[in-house]
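Chains as they are written, first to last, in this note's numbering: chain F, 1 to 248; chain H, 1001 to 1248. The beta-carbon is built from N, C-alpha and C at its ideal position, and this holds for glycine as well. Note sheet for the following structure.
Number of protein chains: 2
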Amino acid sequence: MIFSHTYKSMTKTDRPLRRADKLRQALEDDIATGALPIGTRLDEVKLAQRFGVSRTPIREALIELATAGLVEQKPRRGAFVREIGIPRLIEMFEVMADLEATCGRLAARRISLAETQILKASHIACEDALTSGDPDRYYQANQHFHETIYQASHNGFLAEQAIGLHSRLAPYRRLQLRARNRVAVSLHEHAEIVAAIVSGQAEAAADCLRQHVLIQGERFNDFVATLAATSTQQERERSSLKSASAAE
Amino acid sequence: MIFSHTYKSMTKTDRPLRRADKLRQALEDDIATGALPIGTRLDEVKLAQRFGVSRTPIREALIELATAGLVEQKPRRGAFVREIGIPRLIEMFEVMADLEATCGRLAARRISLAETQILKASHIACEDALTSGDPDRYYQANQHFHETIYQASHNGFLAEQAIGLHSRLAPYRRLQLRARNRVAVSLHEHAEIVAAIVSGQAEAAADCLRQHVLIQGERFNDFVATLAATSTQQERERSSLKSASAAE
DNA sequence: TCAATCATTTTTGTATACAAGAATGATTTT
DNA sequence: AAAATCATTCTTGTATACAAAAATGATTGA
C-alpha cells in the first residue's frame, strides 16, 4: 500500500510516541472491519481495560475518531460507532465520485511516465487477482489501482481526501455484492480509465471515474432497497458484511 | 450565517456541554483571525491559565484541531498552529474549486424555488455590501452567497466538506488583496453563477464556480510570487493578514 | 397493575498527580 | 575558549481522583 489510511499519518513525520495514536488506529481498524459494529457504544473503561491503559489515551483516541467522523460523541452519553444513514451514504458516494473524477482529470494532465507504468501494472494486477478468484486479493489490487490514480493527480491534499473518504466508505463497499458480473464490468471500466489517463484525455478520465464510482453507489442503493422492509434487516447486513466479497 | 463552521456541529444536535468544544471554537477563531499566528506554539499550561481551566480540556481541544488539520502536534514537543506551505495551499485551492464546482452542478439540478429566491437575495446583498464599502460586510455577504449554493446542492456531506475547507482557507483568502477591481469582477462572476444555476445549466454553473475559485488561487499565487525572495517575508504576510480587506 | 418519583449506581467530564522525554544551562574537558 | 557532557528544569503524556450528569432500579402512590 502506497499510502497509509489516515489523514494525519501522511502529513506528519511518523514517530508515533503517543499511545492514543495507536489506539485510534486499532479502533479505526475494528470499525472498518466490523469488529465494532455500527451503533456500538464505546465504553471508555472497558476499552481502557481491554488495551491495558487508563481512560485518558482512550478518550483522546475517541476524540480523534469523532473529529474524523467515524464515531459520534453524544455529550455526557458516550461515543458510538457512527451510524451512517442511507441518505448520507449516498451523499458520501456522490462526493467520492467527484473526488475520484478530479483525481482522474488531474492525473490525465500530470501523470509521469513512471506512474503510467505503475498504473498499467496495477490494472494488470487487478486482472490477475480476478482470475485468481481471491476476493481479498482483488480488493487489495483494486485499492492500489485507485490509489495510483490519486497519487498521479500530483495533488497531495486531494489524494488525502480521496483516501480518507475511501477508507470511510470501505465497510459499506464490502456490502456491495455479490452481483456476479460486476467485477468483470468493473475491470472493463478500469481499462477505459487507464486509456483515458495515459492518452491525456482529462474530461474523459474524469467522466469514466465518476461513473465507475457512482455505479457502485447505485448498486449499493439497489442492495439496500432489496433489504428494505425486512424485519431482520440489521442481521442480514451484518452477515453480508463478513461474507461478501469485494466487488468494485 | 446558515451553517456553523465546524464539521461536527452540523451533524450533531447542538448541546455543547463540553468545555473542550468551546475551547476548540475559541482557538479556531484565534487561528482564523490571526490572533494566534502561524507557527505559534500552543502551550498547554498557558492556554489553561488563559481560559481558566485545567490542561485536560485544552488537550482535548488541541487534539480536535490537530485532527481537523489546523494545528500540528509534534510528539513530546507540543502543538503548533499549522504552517501550510504554499504548494499545499495551492493544492487546497484546487480541491476547493472542485468542491464548489460540484456544489454548483448539483445546485443547478436540485435547487428549490425558495432557495432560488435566497440565492438571488444573497447576490444582491453582495452588491449592496460592495457599494457600502465595508469590507467585512462584503466578506460576510460573499460567504453567505457561497453557503447558499452549498446548501442548494442538497448534499449535506458535500456542504460540510465545502464549509470546512472554506474556513480552513479563510485566513489565506484574506491575504488575497487588494487587487482593487477584483471585487467588481467577482460580482460579475457571481451573476453568471446565479444565472447558470437558476436556469439549470449544471455544467456551466460548475465551470463558472471552478474558475471563480481557481482565480482566487491564482491571485493568491501571484501575491506570494511578488513576495518571494524578500527577506522579511513572514513579517509582511503577518501585517497583510491584519490589514488586507476581503476580496473574493 | 401501572406510573411516577426518588435514591443509587454508573459513566462521562474535569482536575490533579505523577512519569518520562526534551530543552536549558552549567560544568568539565580538551 | 570552545565543545561536549551531565544535571536541572520544563513540558508533554498518562494515570488517578473527584464532580456532575444520566441511567438504573426500587419504592410509593394512584
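Only exposed fits F:Q49, as fewer than 16 other CB atoms lie within 10 angstroms of its CB. Below 8 Å, enough C-beta pairs join the segment 1107-1127 of chain H and the segment 1194-1210 of chain H to call them touching: three or more.
Taken through DSSP and simplified to helix, strand or coil, F:V198 comes out as helix. For H:V1081, the uninterrupted beta strand (DSSP E) segment begins and ends at G1078 to V1081.
For the C-beta of F:L23, not a single chain H residue is nearer than 9 Å; the gap to the nearest is close to 12 Å. When 9 Å is used as the limit between beta carbons, H:D1098 is near these residues of chain F: D98, L99, A101, T102, R105 and L158, in chain order.
Going by C-alpha positions, H:G1078 is about 7 Å away from H:R1041.
Note that the C-beta distance between H:F1145 and H:H1166 is not below 9 Å. In the DSSP assignment, H:V1045 falls within the unbroken alpha helix (DSSP H) covering E1044 to F1051. Within the segment 72-145 of chain F, the beta strand (DSSP E) runs of at least 3 residues that lie entirely inside it are, in chain order, 78-81.
In the three-state reduction of the DSSP assignment, F:R168 falls in the helix class, which pools H, G and I.
Assignment of F:R24 by DSSP, reduced to helix, strand and coil, places it in the helix class.
In this structure, DSSP gives H:R1018 a state outside helix and strand, which the three-state scheme calls coil.
Nearest to H:L1158 by C-alpha distance, out of H:C1103, H:A1035, H:D1021 and H:N1181, is H:C1103. CA-CA distance, H:T1033 to F:R55, rounds to 34 Å. Excluding residues up to 5 positions away in sequence, V53 and P57 lie with their Cβ nearer than 7 Å to the Cβ of F:R19 in the same chain. If the five residues before and after H:M1092 are omitted, its C-beta is found closer than 8 Å to the C-beta atoms of I1084, L1165, R1168 and L1169, all from its own chain and listed in chain order.
In the DSSP annotation of this structure, the continuous segment of the alpha helix (DSSP H) that includes F:L62 starts and ends at R55 to A68. When the alpha-carbon of H:A1061 is set against those of H:F1051, H:D1030, H:C1208 and H:L1023, the nearest one is in H:L1023. Under the Cβ distance rule, H:A1079 does not count among the residues neighbouring chain F, no pair being separated by less than 9 Å.
F:E100 places its beta carbon less than 9 Å from that of F:I149.
No Cβ-Cβ contact shorter than 9 Å links F:L119 with F:L187.
Looking at the DSSP output, F:R41 bridges to F:F80.
In this structure, H:T1116 sits away from F:I63, with a CB-CB distance that is not shorter than 9 Å.
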